[in-house]
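Colleague:
In UniProt numbering, the protein residues as written are 1 to 145.
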């Protein structure tokens, strides 16, 4: 999959970041942090179902689900005091929502490097987002096996 073949929502998110000056990209990331969807009650009431993303500096927990229509949903939680991590989780949760498992698996692993934040945040933070994407893909592969 080339960058031009990204799923529409992920391409739109990437383009929104790239259209901004570097200094404004962090503000957009903060907007995403505020928009991280709340966990559905079935996960909020059972945090033991969530998997910790240990590669992230902040405590991030996530769960990947495929619904009855074969649509992928990524649920994540991160502390409000960790807006960068929340923003990255929100980008993935919103950008992957509703895609098929194969569409998610086809997302380039380097997607986090393409949204124009590599100079604005530390490489460790970008690796955290990459780890979230990798875990999502791993969970989908495990579910298909």
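Note that the Cβ used here is the ideal one computed from N, Cα and C, for glycine as well.
1) Measure the beta-carbon distance from residue 51 to residue 63 and round it to whole angstroms, keeping in mind my assumption that it falls under 8 Å.
2) Specify, as a first and last residue, the run of the beta strand (DSSP E) that residue 10 falls within.
3) Could you check which residue in 107, 132 and 121 has the C-alpha nearest to that of residue 22?
4) Which full runs of the alpha helix (DSSP H) of 4+ residues lie inside the UniProt domain "Fe-S metabolism associated" (16–138), going along the chain?
5) Are the beta-carbon atoms belonging to residue 39 and residue 77 less than 7 Å from one another?
6) Below 8 Å, how does it come out for the stretch 56–74 and the stretch 13–31: are there three or more Cβ pairs, yes or no?
Modeller: On the basis of the coordinates in this document:
1) Translated into the one-based positions of the chain shown, residue 51 becomes position 51. Translated into the one-based positions of the chain shown, residue 63 becomes position 63. With 8 Å as the limit, residue 51 and residue 63 qualify as a contact, their Cβ atoms being about 7 Å apart.
2) Mapped onto the chain shown, residue 10 falls at position 10. Unbroken run through residue 10 is the alpha helix (DSSP H), 8–18; no beta strand (DSSP E).
3) One-based indexing of the chain shown puts residue 22 at position 22. When only C-alpha atoms are compared, the closest one is 121.
4) 22–34, 41–44, 83–96 and 101–105
5) The residue given as residue 39 occupies position 39 in the chain shown. The residue given as residue 77 occupies position 77 in the chain shown. Their beta carbons are under 7 Å apart, which means residue 39 touches residue 77 by this criterion.
6) no
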